[in-house]
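Per my numbering, the sequence shown runs over residues 58 to 640. Heads up, the beta-carbon is just placed ideally off N, CA and C, and yes, glycines get one too.
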Amino acid sequence: MQVTGAQALVRSLESLGVDVVFGLPGGAILPAYDPLRSSTIQHILVRHEQGAGHAAEGYAWATGRVGVCIVTSGPGATNLVTALADAYMDSVPMVAITGQVSTAMIGTDAFQESDTTGITAPVTKHNELVTSPERIPAAIAEAFHIATTGRPGPVLVDLPKDVLQAEFTWSWPPVLDLPGYRIPGEPDQEMIAEAARMLHRASRPVLYVGGGVIKSGSHEALMELAEITQAPVTTTLMARGAFPDTHPLALGMPGMHGTFAAVAALQEADLVVALGARFDDRVTGRLADFASKAKVVHADIDPAEIGKNRSPDVAIVGDLAATLPRLTEAVRDLVADAGPTDTAAWVEQTAGWKRSYPLRYTQASDGPLKPQHVVERLSALTGGDAIIVAGVGQHQMHVAQHFAFTKPRSWINSGGLGTMGFAVPAAMGAQVGRPNDLVVAIDGDGCFQMTAQELATCALLGLPVKFLIFNNGFLGMVRQWQELFYEERYSEVHLGTEIPDYVKLAEAYGCVGLRCEQASDVDAVLEKALAVTDVPTVVDFRTHDAEGVFPMVPAGHANDDIVLGPEFTAAEQQAAARKEVIA
């Protein structure tokens, strides 16, 4: 059968099980849009190409499947770069399809030409400029294979216009030819056995859980390992939900804005077992002082991460879906032979830190509305049964701290790149991927205005996403840093709360608009927002303009320098520095 390159593209996507793509057409990619019209694939027309990329990310986060986006050449492709970089940092499986000028015009500075593969090489797992229509089926199939195997990530396929228009004889499936691509094999059983022996001997173990546990679907195996070892568990920003916050062994999030218990436990541990985590600077603080008393086991699917920041005593390279069950079985055998490790004193110590130094804030009934209060009420009203999406900044940290996550793929955010503007389109993608689930996007007023135009897409599709804006009139995290480290010399961080009027903006986009200014109204407003099921809802929460995020480890400092925050007395801060449990 003779088909065009464009028809081959659409047929390839259909054959790979793609059900939805997020995109925006333009000249170079236009040939692909004709066969797409009669395809079984749903195309969602975004208002900005960055939105297409973040929506594909949100879809992938929520479903575990590949998110797909399609844009045109030149500015279409360059507008996608931020989303590609975001997906690359956070290991999100995504395939981006970009149009390109005709092959004869490449290198001539033609209209809407850009070196897309050159520009995106540092922020993709793989990319390819396709120069013949016969290559399209294999290029697309290889893109999906690379995006989903090993450490997941974004892959880009660049398609010149004439390649999309040319005809060739269709065949499927293609033969994948990736001689330089290596997927880690089975984890080393000897390394697993040694890690098990270390866990069995440790008296102060901590499981340092990263996003790889969620990406590999290993949360149930993690639960078994934690319970057989009785090791406290910290879940990084990327791993929230991998281990339920309600579990007695859960210490919450470690790092710069982590809980005191999580930070202190890592500093005092005699063994740290890192599972799908990369020893990120936001977790470790000053690296030389991170977990300095501990031996380290590092298990990860990406061999490049092993030893990159912290040299492990035991390294296990492989898929956590295979590693974690085998590690648990090895520990179980040791327990059967020699009895369980006695970590009771350590578990009580970490529980004492949780009691002594909880996340603390004060919400006066007649005082300014605190963002933490909104998050806690949302968590209570939903029973934690929601997909929560966040932008980047103070609101992101407040949610990561105060929402009670109990299951994986219920928390979506921009971690490694820290992309403002992520939440609105990512929430849209999550809702498309899981149409029967409650999706709530919590955003700051600075972040929201970067991608608010995707409200139009959500409204036209009837997506009932709840967009909660924590409107403090500032670029809040920048303001906090200027307060703490620049002697309150506030420079270009004041946004104001009156422009835009978010209620009117929501209504102009066909959404429900609500506003809340007092703590006493939070439940009623949230209940009203949650009751809307046919269109998006935007809620303008007028939050305290000077509320900070604490605890906080100042950048460049050791985690032992953690600052509890203004809600704690000097005596409590001093006791925390000594890691004492307060009766």
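Near the ligand ATP: residue i beta-carbon under 6 Å from a heavy atom
| i | result |
| --- | --- |
| Phe300 | Looking for the ligand ATP in the displayed structure turns up nothing, as the structure carries no ligands at all. |
Counterpart residues of residue i in DSSP-defined beta bridges
| i | result |
| --- | --- |
| Val356 | Just to set this straight, residue 356 is Ala in the shown sequence, not Val. Beta-bridge pairing links Ala356 to Leu332 and Ile373. |
| Tyr265 | Thr291 and Ala331 |
| Leu186 | Asp215 |
| Arg572 | Asp597 |
| Met609 | Val620 |
| Ala447 | Ile499 |
| His551 | Phe531 |
| Trp468 | Ile445 |
| Ile526 | Asp500 and Asp597 |
| Leu426 | Thr600 |
| Gly124 | Met151 |
| Thr226 | Gln59 |
Spatial distance of residue i from residue j (CA atoms)
| i | j | result |
| --- | --- | --- |
| Tyr547 | Asp376 | 47 Å |
| Tyr543 | Ser467 | 36 Å |
| Gln64 | Ala89 | 7 Å |
| Ala627 | Ala408 | 22 Å |
| Leu416 | Glu540 | 21 Å |
| Ala200 | Glu555 | 46 Å |
| Ala318 | Glu624 | 17 Å |
| Thr508 | Pro236 | 40 Å |
| Ile101 | Glu511 | 11 Å |
| Ser275 | Pro244 | 15 Å |
Exposed unless 16 or more other CB atoms sit within 10 angstroms - verdict on residue i
| i | result |
| --- | --- |
| Asp500 | buried |
| Ile127 | buried |
| Asn493 | exposed |
| Val432 | buried |
| Gly242 | exposed |
| Asp597 | buried |
| Asp423 | exposed |
| Trp118 | buried |
| Arg412 | exposed |
| Ser577 | exposed |
| Met58 | exposed |
| Arg168 | The sequence given here has Phe at residue 168, not Arg. The residue is exposed, with fewer than 16 neighbouring Cβ atoms inside 10 Å. |
| Thr594 | buried |
| Ile639 | exposed |
| Thr173 | buried |
| Arg68 | buried |
| Ser471 | buried |
| Arg383 | buried |
| Arg208 | buried |
C-beta contact flag for residue i and residue j at 7 Å
| i | j | result |
| --- | --- | --- |
| Phe8 | Asp359 | In the structure as shown, the chain starts at 58 and stops at 640, and residue 8 therefore has no counterpart that could be examined. |
| Met146 | Gly473 | yes |
| Gly83 | Ala109 | no |
| Ala345 | Val329 | no |
| Asn136 | Glu185 | no |
| Val187 | Val220 | yes |
| Gly156 | Ala85 | yes |
| Leu294 | Ala457 | yes |
| Met454 | His614 | no |
| Thr380 | Ala356 | yes |
| Gly503 | Leu532 | yes |
| Leu141 | Val180 | yes |
| Leu438 | Leu583 | yes |
| Ala112 | Pro482 | yes |
| Pro217 | Ala195 | no |
Residue range of the unbroken beta strand (DSSP E) whose run includes residue i
| i | result |
| --- | --- |
| Val641 | One cannot answer for residue 641 here, as it falls past the ends of the chain, which runs 58 to 640. |
| Gly131 | Neither: Gly131 is in no beta strand (DSSP E) and is coded neither H nor E. |
| Gln99 | Gln99 to Leu102 |
| Gln59 | Gln59 to Thr61 |
| Ala153 | Met151 to Gln157 |
| Ala109 | Unbroken run through Ala109 is the alpha helix (DSSP H), Glu106 to Thr120; no beta strand (DSSP E). |
| Ala307 | Ala307 to Gly309 |
| Gly80 | Val77 to Leu81 |
Residue i, enclosing alpha helix (DSSP H) - first and last residue
| i | result |
| --- | --- |
| Pro194 | Ile193 to Thr205 |
| Phe317 | Phe317 to Glu325 |
| Val579 | Val579 to Ala588 |
| Thr476 | First-last for Thr476: undefined, no H or E at that position. |
| Leu141 | Val138 to Met146 |
| Glu564 | Tyr559 to Ala565 |
| Pro521 | Note, Pro521: premise wrong, no alpha helix (DSSP H); not H, not E. |
| Gly409 | Ala401 to Ser413 |
| Ala252 | Gln246 to Arg258 |
| Pro92 | Leu87 to Arg94 |
| Thr341 | Asp338 to Thr341 |
| Thr177 | Thr173 to Thr177 |
Contact with chain B by residue i, beta-carbon distance below 7 Å
| i | result |
| --- | --- |
| Thr173 | Among the chains in the structure shown there is no chain B, since it carries only a single protein chain. |
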